[in-house]
Amino acid sequence: MAAHYSYDPDKLQEWGKDRMRFELGDIMTEGGVTTCALCDEEYLALIPEKLYTGRQWKKAKLACLESIFRRFSYEPDTKVDPLSLSLGERAKLWQEEYEKLKDDLKKGAAAPEAINLLAGNGIGGHHAPPYFYAGMMSTEESEGNDI
1 MAAHYSYDPD KLQEWGKDRM RFELGDIMTE GGVTTCALCD EEYLALIPEK
51 LYTGRQWKKA KLACLESIFR RFSYEPDTKV DPLSLSLGER AKLWQEEYEK
101 LKDDLKKGAA APEAINLLAG NGIGGHHAPP YFYAGMMSTE ESEGNDI
């Protein structure tokens, strides 16, 4: 099966391969395998058909970045007289983008305000008792032992 390489900027509003190509800068499709990081079929395999949240899009983007940097990591640096090709640098750039997005996804979605409420700091400077406290799972029957 032959790989296909296409990019349609009119489809950037859709959560699909064209938007992913745009966000990753992989839009020079005229050269096919020599200018593109992934083919259309690879993008379609890594992007879910239905996306329900921006977090799912980030996970799909993370999978694309991982595939790209692992593919490029096997390319050696070459030097022939005055010409030198540092292909390892290309893999390093993709890996850095992968690591940044991975760290962003690890941070989670907890709002600082929610954390302050759980810590008992309250809203607007009003101090309320903490929501969680030591022994909150104890009952009279357990005589102070947590369940």
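Using the UniProt record's numbering, you'd call the opening residue of the sequence shown number 1 and step up by one each time.
Backbone N, C-alpha and C fix where the C-beta goes; we use that ideal spot for every residue, glycine too.
Bear in mind that the values here come from a model prediction, so they are computed numbers and not experimental data.
Taking the Cα of Leu65 as reference, the smallest distance to any Cα among Tyr133, Phe22, Met1, Glu14 is reached at Phe22.
Contact annotation: Lys59 and Leu12 have beta-carbon atoms that are not nearer than 8 Å.
Inter-segment contact for the segment 88-99 and the segment 70-79 is present: three or more beta-carbon pairs are separated by less than 8 Å.
In the three-state reduction of the DSSP assignment, Thr29 falls in the helix class, which pools H, G and I. When DSSP states are grouped into helix, strand and coil, Leu101 belongs to the helix group. Counting of Cβ neighbours within 10 angstroms places Ala2 among the exposed residues, the total staying below 16. Spanning the alpha carbons of Asp26 and Lys61 requires a straight line of approximately 12 Å.
By the criterion of a C-beta distance shorter than 7 Å, Gln56 is surrounded in its chain by Pro48, once the five residues flanking it on both sides are discounted.
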